[in-house]
Structures are given as C-alpha cells and as structure tokens.
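Trainee: In terms of the UniProt record's numbering, the sequence shown opens at residue 1 and continues consecutively. Note that beta-carbon positions come from the ideal geometry of N, C-alpha and C, so glycine has one too.
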Amino acid sequence: MSTTLWIIIAGAVATYLTRIGGHLVISRFERIHPRVEAGLNAVPAAVLTTLVAPAALSAGPAELAALAVAAVVGLRGGLMTMFLTGAAVLIAMRHFIG
Numbered sequence: 001m002s003t004t005l006w007i008i009i010a011g012a013v014a015t016y017l018t019r020i021g022g023h024l025v026i027s028r029f030e031r032i033h034p035r036v037e038a039g040l041n042a043v044p045a046a047v048l049t050t051l052v053a054p055a056a057l058s059a060g061p062a063e064l065a066a067l068a069v070a071a072v073v074g075l076r077g078g079l080m081t082m083f084l085t086g087a088a089v090l091i092a093m094r095h096f097i098g
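1) Quick check: what's the CA-CA separation for GLY74 versus MET82?
2) Residues in its own chain within less than 6 Å of GLY77 by CB, not counting five upstream and five downstream?
3) Can the beta-carbon of LEU67 be found closer than 7 Å to that of ALA53?
4) In chain order, what residues of the same chain lie with their CB nearer than 7 Å to the CB of LEU90, ignoring the 5 residues before and after it?
5) Look up residue 124 in the DSSP assignment and say whether it is helix, strand or coil.
6) Run through DSSP, which three-state label would ALA14 get?
7) Assign GLY21 to buried or exposed, taking buried as 16 or more other Cβ atoms, counted over all protein chains shown, within 10 Å of its Cβ.
8) Is it buried or exposed for ALA46, if we count other Cβ within 10 angstroms and need 16 for buried?
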C-alpha cells in the first residue's frame, strides 16, 4: 500500500480513538459540571474558527464575498444554510471571477 493510504488510515484510527476515548471518559460521570459542559458546547465554534480564520486572512475577493454572505445568512438562518450558501457563493464567484 502507498504511504498516502497509510497516513489516511492512521488519521482515521486516531480520530476514532480520540472520539471514543472522550465518550468513555464523559460517560463515567453521573453529572457533568456546568463549566465543563459550557466548555464542551464551545468546541464547535472553536473548530469553525480554526477552519475559517486562515482562509479569511489570506482570502481573495471570492472568499471574502462568500465569508460576508455566510456571516449574514448565519445571523438569520441555521448552520447548514450558512455553509451551503457560503459554498455556493464561493463556487459562483470563483467561476465568474476566475
């Protein structure tokens, strides 16, 4: 097998073990402290920020337009609507702008 395939398999195994490990640790507690729960609830926003920030800092006009539209849609609509609208705008802008 190629090195790339082994890297993909290792990444998948590491991701699975991390997720199942977190579930096993949390499931041992009868009650989760409110601060821990608040921290866990903040994880999706933190992950989204780490994905969006590099693109926003090195963005061209198509990326900035998609980010602006996604931000406005995110204030009014749901998460999936925001992602799909942002992706559609990005694809359209890259097609027309180049």
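Mentor: Reading it off the structure:
1) Straight-line Cα distance between these residues: approximately 5 Å.
2) Non-local beta-carbon contacts of GLY77 in its own chain, meaning distances under 6 Å to residues more than five positions away in sequence, are absent.
3) Here LEU67 is not near ALA53, since their CB atoms are 7 Å or more apart.
4) Only ALA62, GLU63 and ALA66 meet the Cβ criterion.
5) Lying before the first or after the last residue shown, residue 124 is absent from the chain, which here runs from 1 to 98.
6) Assignment of ALA14 by DSSP, reduced to helix, strand and coil, places it in the helix class.
7) So GLY21 counts as exposed.
8) If you draw a 10 Å sphere on the C-beta of ALA46, you find fewer than 16 other C-beta atoms in it, and that means exposed.
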